[in-house]
Structure formats: structure tokens, C-alpha cells
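The structure appears right after this line, and notes come after that.
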Amino acid sequence: MGPLYPLGIISDEINMLIGFFIGIGFGFLLEAAGFTNTRKLAGVFYGYDFVVLKVFFSAGITAAIGLFLMNHYGYIDIQSIFYPKTFWIPTLIGGGIMAFGFLIGGFCPGTSLCAAVTGKIDAMVFVLGIFIGIFFYAFTYEPLWETLRNSGKMGKVNIADWMGISDGLFIFLMTVIAAIMFFAVTLIQKKVTSKRDYQL
Numbered sequence: 070m071g072p073l074y075p076l077g078i079i080s081d082e083i084n085m086l087i088g089f090f091i092g093i094g095f096g097f098l099l100e101a102a103g104f105t106n107t108r109k110l111a112g113v114f115y116g117y118d119f120v121v122l123k124v125f126f127s128a129g130i131t132a133a134i135g136l137f138l139m140n141h142y143g144y145i146d147i148q149s150i151f152y153p154k155t156f157w158i159p160t161l162i163g164g165g166i167m168a169f170g171f172l173i174g175g176f177c178p179g180t181s182l183c184a185a186v187t188g189k190i191d192a193m194v195f196v197l198g199i200f201i202g203i204f205f206y207a208f209t210y211e212p213l214w215e216t217l218r219n220s221g222k223m224g225k226v227n228i229a230d231w232m233g234i235s236d237g238l239f240i241f242l243m244t245v246i247a248a249i250m251f252f253a254v255t256l257i258q259k260k261v262t263s264k265r266d267y268q269l
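Each residue of the sequence shown is one higher than the one before, counting from 70 in the numbering used here.
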């Protein structure tokens, strides 16, 4: 996993085994945290529950800080970590489509799979829709989507590079923004929840 496999430190089999156990653990934590509940997930869009936003934003910030510090102190070579090249136009469109699906269905791809294996029928329908979309994209890629897929090419670049600032400064700014955002959404959640309680 991570840079261990590309550097040849672990084998293909160990890499797959680690990924398998991480996947099981991730699914277990999603279920334990209630992230297979559509009401909890959709609460982000309606203002009464921001746990999902806080958890995933915290995870991203924690990973960024951890990778930055490990790279700084020589425990890891950040250049050995894979991330795909940036195509900003299809990324923007794909993000919009996923957000729309999240809003309508109440699931993202990961949470839908976890919910499906717990027996939730709406999640099974959602997963079926994902596979239909995957096959439709795959079989119509060349005539319909190839030009769009390759538009907005920026190469292998991260947001900090694009903004012309250091990785450390970008991570610091994102941490500050996250703290402000957490405070703001807590106020929103309290206001929306109190209004709903009053109406009930």
C-alpha cells in the first residue's frame, strides 16, 4: 500500500491483502458511524447533520498533515505516492454529477455498497445504477466521452502548485478554513434542528 508497493518493499499478494483488510475496516467503520443511513448522509444538504462533512474533511486534513510531516522528516518520499493527472473539466462535471446523485439517492459509491450488504433495498438499487452507469460509459466512451475525458489537461499537479504556494502553506490555510467551517456548520445545525423541533 502507499509507496511500499511501487518501491518493491511488499509483493503484489501482500499489497492486495492489506487493501482487503483496509476495505473491511473502512466498511465496518462506515456502518458503525451510521454512514449507511441516507438520512444522516442527506442531512449535509438539508442542514440538520454535518457529521459526514466533518469526518471526511478531518480525515483529509489529517492525511495531508501526516504525509507532509513524514515527507519533511524523510520517512516517506511524497513523489512515490501515486495520484492521477488532472483534467479539470471532466473532474468538475463528474463532481457535479456525483453531488446530484448523492443528493437524490442519499448515498455515495462507498456508502451505497456498505448499505447494500446490510440489506437496504434502496442502496441495492443505487449500486445497480452505478454499474449501469459504468457499463454505459465504458461502451460509449469512444464515440461520446473521449474528447470530454481529455479536456482541461493540466498534467500531474496539485492545488498548491496550481495556486503557486507551498504545500505547507496550503495545508495550513485548509486547516484554518476547516476550523471556521466546522464552527459555522455547527451554528447552522443548531438553528435548523431547533426550528424542526419547534415545528414538531
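Idealized CB from N, CA, C, for every residue including glycine.
By DSSP, does residue i sit in helix, in strand, or in coil?
i: Thr209; result: coil
i: Phe156; result: strand
i: Ile130; result: helix
i: Phe176; result: coil
i: Thr107; result: helix
i: Tyr74; result: coil
i: Ile79; result: coil
i: Tyr115; result: helix
i: Gly143; result: coil
i: Ala168; result: helix
i: Ala101; result: helix
Go ahead and label residue i buried or exposed: buried means 16 or more other beta carbons lie within 10 angstroms of its beta carbon, across all protein chains shown.
i: Thr255; result: exposed
i: Asp118; result: buried
i: Ser220; result: exposed
i: Phe171; result: buried
i: Ala184; result: buried
i: Ala192; result: buried
i: Val113; result: buried
i: Ala90; result: Reading off the sequence shown, one finds Phe at residue 90, where the question assumed Ala. Phe90 should be labelled exposed.
i: Gly129; result: exposed
i: Gly174; result: buried
i: Ile145; result: buried
i: Phe208; result: exposed
i: Leu86; result: exposed
task: Enumerate, from N- to C-terminal direction, the unbroken beta strand (DSSP E) stretches of 3 or more residues contained entirely within the stretch 179 to 259.
output: 222 to 224
message: Does the stretch 96 to 112 come into contact with the stretch 180 to 195, if we say contact requires no fewer than three beta-carbon pairs (one atom in each stretch) closer than 8 Å?
response: yes
field: Stretch pair the stretch 121 to 128 + the stretch 226 to 240: three plus CB contacts closer than 8 Å
entry: no
query: With contact counted as at least three CB pairs below 8 Å, one residue from each stretch, are the stretch 207 to 225 and the stretch 150 to 166 in contact?
result: yes
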